[in-house]
C-alpha cells in the first residue's frame, strides 16, 4: 500500500475529527445550557435543604456564571482530560465512562459480529434461492425484524427465555449477591447471551437484505453468465463469484451501522439492566447529570466516526471500485 | 423488493389490474390506520377507569388484550397509545419534510450553500440518533413537546440527502441550462423547474419517515423521557409492563408491542406500494 497516500488520508481524517468534535462539544453544550435543568436539584435529589446551603451549592456548581465562561472552563478541563464529576455516580466522569463503555463494547462487539455473520449467510441463501419459498421466508422475517421495536423484542425475549424457560438470568451482567472476584467468565457469558442476541437482530435484517440485493445483482452480471457458460454452477459459482464480490460492500455497510448499534445498545441495556454506557446515558438524561451526558455524547461521536472511518478506508484503499460505483449512482 | 408484492394476476382480486390492486392495498391500510386514530380520540375516561376487581386478567373475550394492575382494559389503552403515536409521527414527519424541502432547495442554489447543507447532515448523523433525540429533548426541557420537537428535528437528514442527489441530477438537464441562459435567477429555477420534480420524493419521503418517527418516539418514551406516565403512550405501557414480567403477565408487553409492529408494517407497505405508483420506472414491477 502507498504509505504516503495513507498518511495524507489519515491526517485529513484526524483534522476532520477534531473539527467535528469541537462543533459537537459547542452544540451539545449549548443545547444542554438551554435546558431549564437545575444542577443543584439534580445533585441533592429530593432532599430539602436550607437556602444558605443551596446558595453555597449554587456557587459550587456555578449556576450563576455566564454560559460562555462555563463553557470555557469545561472546555479547558476537557483538554486536560478532566470531564468533571458525575452527579449521580459521584465519581469522575472519565472513570464512569471508561468502565461503562468497556462493558458496552463487549456487548456491541459480540452482537456486531453475530449480526454480520448471520445476516450475511441469510442474505446469501436468500439471494441464491431468489424467488423461492426460502427467499420469501427470509424476506418476510427481515421486514418484520426491521419494523419491530428493539425494546419490545428485548422484552419478549426476556419473557420467553428468562422468565418462562429460565434458561438465562433476568438482567445485569453478573449474578446478584456474588463478590466481584468470584464472578466466573462463564457467568459473564451467560449474562451476555440474551442481550447480544437481541441487539444483533436489528443488524441481521439490514445486512441480509443488502447482501441479497447485491448477490442478485452480481448473479445477473456478464462474468457470471460467462462462468455459467464455462460450466460452473450451484454453490461453487456463488462461492467463487458471488461471495467474493458481495463480502466487501457488506462489511463496509456493517461498519457504517455503528450509530444504530449504539442506539440499539441503549434500549437493550435498559431492558436487561446491563450496566453499559447506554444505561448510563439514560440515567444521566433522566436525572440531569449534565457532565456525564456530555461525555457520553462525545464518546459516541468518536465511536460513530471510527466506524465511518473504517468504511472510508475500505472505499479508499481496499476496493476503490465501491467508491466509483457510489459516485455513478 | 416488497412485503406485499402484488405481482401475479391470480387469487382473490383477479378482476383488477396491478395498479388497481396496489391502490386497493394502500387504501385498505390507510383506512386501518385512520380508524385507529379516529377511534382513539373517542375513548372516554370511563373506559379507562380503574377497577381493582378485574386487575391483571389474562386475555379473554371481554378484554382481548387483558387488563393491567389497575384493572384498565389493555386493548383500549393500546388503541389510545397507537393513536397518539401516529399523531406524533405525523407531526414529526411533516415538520421533517418541510425542513428537508427547505434545505434541499437551499443546497441547489450554489456551491457554498450546498456544502453547508451536506455538512449539517453529517453533523446530525455524527451522534447516534437516539442519543441526539434525548439531548434535544433535554435541551427543550423534556415533556411531550420536547420529545415531539426532538423527533421532528432529527429525521430530516436522510430525505435531505435523497433530495440533494435528485437535485444534482436534475440540474444537469438541458432545460435548466437554457432557463439559466435566459436570465432566470437561481431561486426562480429552484422554485419553478426543480421543485415540481421533487413532489413525489416528498410524498414518499414523508410516508417512509413515519415508521422511523413512531419507533423513535416509542423508544424515547419507553426510556422514560417526555410523555407523562398518565398518557396512554405505547412506550409507557411497555415500560410499565417490565415490572410485571417476572410475575408472568405476558399480555401486558406482548399485545401493545405487536400492535405497534403491525402499524409500522402497515406504513412500510403503504410507502413501498406508493413508490410503485409514483415512480413510473417501477410501475410495472
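Protein chains in written order, with full-length UniProt numbering: chain A, 1 to 329; chain B, 1 to 285. Using N, Cα and C, we set each Cβ at its ideal position, and we do this for glycine too. It should be emphasised that the depicted structure is a prediction, and the values quoted were computed from it without experimental measurement.
The beta-carbon of residue 138 of chain A is placed no less than 8 angstroms from the nearest beta-carbon of chain B. Here residue 114 of chain B is not bridged, per DSSP, to any residue. In the three-state reduction of the DSSP assignment, residue 73 of chain B falls in the strand class, which pools E and B. Counting of Cβ neighbours within 10 angstroms places residue 112 of chain B among the exposed residues, the total staying below 16. Straight through space, the alpha carbons of residue 141 of chain B and residue 148 of chain B are spaced by roughly 12 angstroms. Residue 92 of chain A is bridged by DSSP to A:85. Secondary structure at residue 150 of chain A: helix, using DSSP grouped into helix, strand and coil. Per the coordinates, the alpha-carbon of residue 119 of chain A lies some 45 angstroms from the alpha-carbon of residue 76 of chain A. For residue 42 of chain B, the nearest beta carbon of chain A is not closer than 8 angstroms to its own beta carbon. Our two residues, residue 39 of chain B and residue 73 of chain B, have alpha carbons roughly 15 angstroms apart in a direct line. If only uninterrupted alpha helix (DSSP H) runs of at least 4 residues are considered, those enclosed by the region 221-302 of chain A are 222-229, 234-237, 244-256, 258-271, 277-286.
Contact residues of the region 74-88 of chain B toward chain A are absent (C-beta to C-beta distance below 8 angstroms). DSSP places residue 132 of chain A outside both helix and strand once states are collapsed to three, so it counts as coil.
Inclusion of residue 277 of chain B and residue 19 of chain B in the CB contact set at 8 angstroms is warranted, their separation being smaller than that value. Neighbours of residue 242 of chain B in chain A, taken as residues whose beta carbon is under 8 angstroms from its own, are 155, 271 in chain order. DSSP places residue 22 of chain B in the uninterrupted alpha helix (DSSP H) bounded by 18-41. DSSP, read as helix, strand or coil, puts residue 172 of chain B in coil. When C-beta atoms of the region 301-313 of chain A are compared with those of the region 112-130 of chain B, three or more pairs fall below 8 angstroms, so the two segments count as touching.
Taking the Cα positions, residue 226 of chain A is about 22 angstroms away from residue 131 of chain A.
Counting along the chain, the unbroken alpha helix (DSSP H) around residue 272 of chain B starts and ends at 251-278.
Put simply, the CB of residue 129 of chain B is near chain A, with a gap under 8 angstroms to one of its CB atoms.
Interface residue (Cβ-Cβ distance to chain A less than 8 angstroms): residue 268 of chain B is classified as such.
Looking at the DSSP output, residue 67 of chain B bridges to B:73. In the structure shown, residue 80 of chain A adopts coil according to DSSP, grouped into three states.
Scanning chain B for C-beta atoms nearer than 9 angstroms to the C-beta of residue 254 of chain A yields nothing, as the closest lies near 16 angstroms away. Exclusion of the five residues before and after residue 151 of chain A leaves 267, 271 as the residues of its chain whose Cβ lies within less than 6 angstroms of its Cβ. A check of alpha carbon separations from residue 79 of chain A across A:22, A:54, A:55, A:111 identifies A:22 as the nearest.
Looking from the CA of residue 36 of chain A, the closest CA among A:300, A:296, A:287 belongs to A:287. For residue 139 of chain B, the chain A residues whose C-beta falls within less than 7 angstroms of its own C-beta are 31, 32, 34, 35, listed in chain order. Short of 6 angstroms from the beta carbon of residue 132 of chain B, and not among the five residues preceding or following it, lie these beta carbons of its own chain, in chain order: 154. Restricting attention to A:291, A:13, A:304, A:51, the CA atom closest to the CA of residue 253 of chain A is found in A:304. Annotation: the continuous alpha helix (DSSP H) that includes residue 31 of chain A extends over 3-34. Legend: CB atoms of the region 218-244 of chain B lying less than 9 angstroms from CB atoms of chain A belong to residues 218, 219, 222, 223, 224, 225, 234, 235, 238, 239, 241, 242. Close partners of residue 254 of chain B in chain A (Cβ separation under 8 angstroms): 156, 159. When secondary structure is reduced to three states using DSSP, residue 182 of chain B falls in the coil class, being assigned neither helix nor strand.
Proximity to residue 196 of chain B across B:35, B:215, B:139, B:104 peaks at B:104, based on C-alpha coordinates.
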